[in-house]
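Novice:
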Amino acid sequence: MASEQPSVPAKAKLWNRPGFRALVFQVLLVAVLLYFGLTILGNTLHNLEQRGISTGFGFLNNEAGFGIVMSLIEFNESHTFGRTFLVGLLNTVLVSFLGIILATILGFLFGVARLSRNWIVSRLAAVYIETFRNIPLLLQILFWYFAVLAQLPRPKQSIGIGETVFLNNRGLYMGAPVPEAGFSMTIAAFFIGIIATFFIARWAHKRQDATGKQFHTVWAGIGLIIGLPAVVFLFSGTPLAWDLPVLKGFNFKGGMVIIPELAALLLALSIYTASFIAEIVRSGILSVSHGQTEAAHALGLRNAPTLRLIIIPQAMRVIIPQLTSQYLNLTKNSSLATAVGYPDLVAVFAGTTLNQTGQAVEVIAMTMAVYLTLSLLISFYMNWYNKRKQLVER
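Just so we're aligned: the sequence shown equals residues 379 to 772 in our numbering.
1) Out of curiosity, what's the CA-to-CA distance linking residue 643 and residue 653?
2) Residue 698 and residue 767 - do their beta-carbons sit closer together than 8 Å?
3) Taking all protein chains shown into account, do 16 or more other C-beta atoms lie within 10 angstroms of the C-beta of residue 556, making it buried, or fewer, making it exposed?
4) CA-CA distance, residue 522 and residue 510?
5) Could you tell me the alpha carbon to alpha carbon distance between residue 491 and residue 734, rounded to whole angstroms?
6) Go ahead and pull the three-state DSSP assignment for residue 596.
7) At the level of alpha carbons, what is the spacing between residue 550 and residue 637?
8) Do the CB positions of residue 575 and residue 605 come within less than 8 Å of each other?
9) When burial is assigned at 16 or more other CB atoms within 10 Å of the CB, is residue 594 buried or exposed?
10) Would you mind working out which of 589, 570, 739, 724 sits nearest residue 419, comparing C-alpha positions?
11) What residue does the beta strand (DSSP E) around residue 538 start on, and which one ends it?
12) Quick check on residue 396: buried or exposed, where buried means 16 or more other Cβ atoms within 10 Å of its Cβ?
13) State buried or exposed for residue 722, treating a residue as buried only when at least 16 other CB atoms are found within 10 Å of its CB.
14) Hey, would you say residue 589 sits closer than 8 Å to residue 481, going by beta carbons?
15) Do you know how far the Cα of residue 477 is from the Cα of residue 646?
16) Does residue 413 pass the burial test, meaning 16 or more other C-beta atoms within 10 Å, or should it be called exposed?
17) Taking only heavy atoms of the ligand SAH into account, decide whether any of them is closer than 7 Å to the Cβ of residue 438.
18) Which stretch, first to last residue, makes up the beta strand (DSSP E) that contains residue 438?
19) What does DSSP give as the partner residues of residue 780 in its beta bridges?
20) Say whether the region 498-517 touches the region 612-623, bearing in mind that this needs 3 or more beta-carbon pairs closer than 8 Å, one atom from each stretch.
21) Indicate whether residue 711 and residue 515 have their beta-carbon atoms separated by less than 8 Å.
22) Is the separation between the beta-carbon of residue 552 and that of residue 542 shorter than 8 Å?
23) Looking at the C-beta of residue 694, does it have a partner C-beta in chain D at a distance below 8 Å?
24) Report the partner residues of residue 739 according to the DSSP bridge assignment.
25) Using three-state DSSP, classify residue 621 as helix, strand or coil.
This is how it looks when you write it as structure tokens:
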């Protein structure tokens, strides 16, 4: 008797295959979105043409005709709107970068202090956190600008530190370094120190994984990044002069100045964001088992090394993802600079430039693209850093 052959299931029809259906639906969705976007673009161009409004980015080559109170690059009324865009972009990047650094330092300090066994330190940290994170950021910006910095003395009654630093209601005036011939050697030594510190840190990390022995990378880095350029600077004959601020008429001339608009915005952004980072740090530390602390103390480690070498490294896997969101919020919140007149991208480009040119679509599109790019760059870096800090099974 012939044995029965197992039946072979019939091949599913093309439409019944999940992979094929998913591909079709995705293609249809992309097609609908493209059609929707092209329809909006066509209607916009048609309406602009009907109203006699020119389109394109040719306006970037036109003369701006207005000044900007603060610029990291040379700028005056004769420069173009394209230069205005670059000035606003650099000012936005400056306040965002400085704000992220200061907020991170303050956030970690108050986050750790919040868990201190000292009742006074813990309560003061709690008051700071609960106060500043529950006051709207815009109000904090206005407070620092109008209630604090605007109340400083006028230029003729400036608060002076020696003959080089002066503080008044128009800013903090300091001497500006003027490089002379040979100063490039000091700059080269500085970058060499950074590169050398990077490779030493990698070597120390591998050495610790292999042998368990630590190497004081911090002191080596300080010696290379600060000490090496200082030695080169001295041996090259100190090729650096200083342009000091001098009171002429009703204000100081020369040197460099930190305008009150920048100071108010930076203080508010840093203090406000730090209050959220502090809670993130606290939650990260509490996520680490208390047994880790007890084991460290059993090995003879004090509280500070335990926190630095054991607790914080393990807590970072909880801290970093939330930290990324706060960095993104700080960068986007910098657009509130318009409230106090700080010349960021929104103020000088999406504000003054748009009003003078009328190129609303192009100006707003460029501004949105800048904030999108900055956010994506921050996310890319933080995701890369988060991947490096993840626990790796041995």
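Note that the Cβ used here is the ideal one computed from N, Cα and C, for glycine as well.
Specialist: To lay it out plainly:
1) Per the coordinates, the alpha-carbon of residue 643 lies some 16 Å from the alpha-carbon of residue 653.
2) Yes; because the gap between Cβ atoms is below 8 Å, this pair is in contact.
3) exposed
4) When rounded, the separation of the alpha-carbon atoms in residue 522 and residue 510 is 13 Å.
5) 50 Å
6) helix
7) 7 Å
8) Their beta carbons are not under 8 Å apart, which means residue 575 does not touch residue 605 by this criterion.
9) exposed
10) For residue 419, the nearest C-alpha among the options comes from 739.
11) From DSSP, the beta strand (DSSP E) with residue 538 extends over 537-539.
12) exposed
13) buried
14) Contact flag unset, no.
15) Going from the Cα of residue 646 to the Cα of residue 477 covers about 9 Å.
16) exposed
17) In terms of ligand content, the structure shown is empty, and the ligand SAH therefore cannot be addressed.
18) Careful: residue 438 lies outside any beta strand (DSSP E) and carries neither H nor E.
19) Residue 780 cannot be examined here, being either before or after the span of the chain that is shown, 379 to 772.
20) no
21) Cβ atoms of residue 711 and residue 515: closer than 8 Å.
22) The Cβ-Cβ distance between residue 552 and residue 542 falls below 8 Å.
23) Included in the structure is just one protein chain, with no chain D present.
24) Paired residue(s): none; residue 739 is not in a bridge.
25) strand
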